[in-house]
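Using this note's numbering, you'd call the opening residue of the sequence shown number 641 and step up by one each time. By construction, the Cβ of each residue, glycine as well, lies at the ideal position given by its N, Cα and C atoms.
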Amino acid sequence: MRPHRPAALVRSFACAGRGLWRALRAERNLRIHLAATALVFSLAPFYPFDRGDWALLFLACGLVWGAELLNTAVERLCDRVCPDRDRAIGWVKDAAAGGVLACAVFAAGAGVCLFADPAGLRALGAAIRTPLGAGAALALLAALGLFVLCGGKRKDDKTHF
């Protein structure tokens, strides 16, 4: 039996965190998913969600994030293995992207089911009608838009991702 090595576990989490950070910097679509997640969790407190609803939100967002990260890994590996255009590689990349799309569509469907609640919509509308609420909503949307559009890797970035 191998001895317990907590340093190796910490190292594996550090590598996973680095991969997530690099993907966020390099992939616009992942930043779009992060912005959508931030928007979902900014709106959620206005709704009378129970624990199951919150669990569904976390699972739906996590599923889309996981699919996008796996798609990114597949695309990077395909580009590395076969830098030239190849039909089979194209099929693999398209299928991986289709997996993300399927996850995102079903997550959006779950979101519509949860956020179409009239009581939550009334509470959200009342909050946005105040000057502070309207300003906060505009600031959030502007910040998320800037993050998606400008949050990418700079040309002088030396990370190998």
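Does the stretch 757–772 come within contact of the stretch 676–688, defined as at least 3 CB pairs closer than 8 Å? With a cut-off of 8 Å, the stretch 676–688 and the stretch 757–772 count as touching, because enough Cβ pairs lie within range.
Valine 704 and alanine 747 - do their beta-carbons sit closer together than 9 Å? Against a cut-off of 9 Å, the Cβ pair of valine 704 and alanine 747 comes out as a contact.
Alpha helix (DSSP H) runs contained entirely in the stretch 687–725, provided each spans 4 or more residues: Uninterrupted alpha helix (DSSP H) stretches at least 4 residues long and entirely within the stretch 687–725 occur at 691–721, given in chain order.
By how many angstroms is the C-alpha of alanine 774 removed from the C-alpha of alanine 735? Straight-line spacing of the CA atoms in alanine 735 and alanine 774 works out to 41 Å.
Please classify valine 745 as buried or exposed, where buried requires at least 16 other C-beta atoms within 10 Å of its C-beta. With a 10 Å radius around the Cβ and a threshold of 16 neighbouring Cβ atoms, valine 745 comes out exposed.
Just curious, the alpha helix (DSSP H) that arginine 769 is in, first and last residue? If you look at arginine 769, you'll find it isn't in any alpha helix (DSSP H); DSSP assigns it neither H nor E.
Based on Cα-Cα distance, which residue from Ala648, Ala663 and Asp719 lies nearest to leucine 709? Considering only alpha carbons, the answer is Ala663.
Does the distance from the C-beta atom of leucine 784 to that of alanine 675 stay below 9 Å? For leucine 784 and alanine 675, yes; Cβs fall inside 9 Å.
Taking 6 Å as the limit between beta carbons, can you name the residues of its chain near alanine 767, skipping five residues before and five after? Excluding residues within five positions, the ones whose Cβ falls inside 6 Å are Gly773.
Mapping the DSSP letters down to three states, classify arginine 634 as helix, strand or coil. Here the chain comprises residues numbered 641 to 801, so residue 634 is not present and cannot be evaluated.
For glycine 874 versus arginine 665, is the C-beta spacing smaller than 9 Å? Outside the shown range of the chain (641 to 801) lies residue 874, about which nothing can therefore be said.
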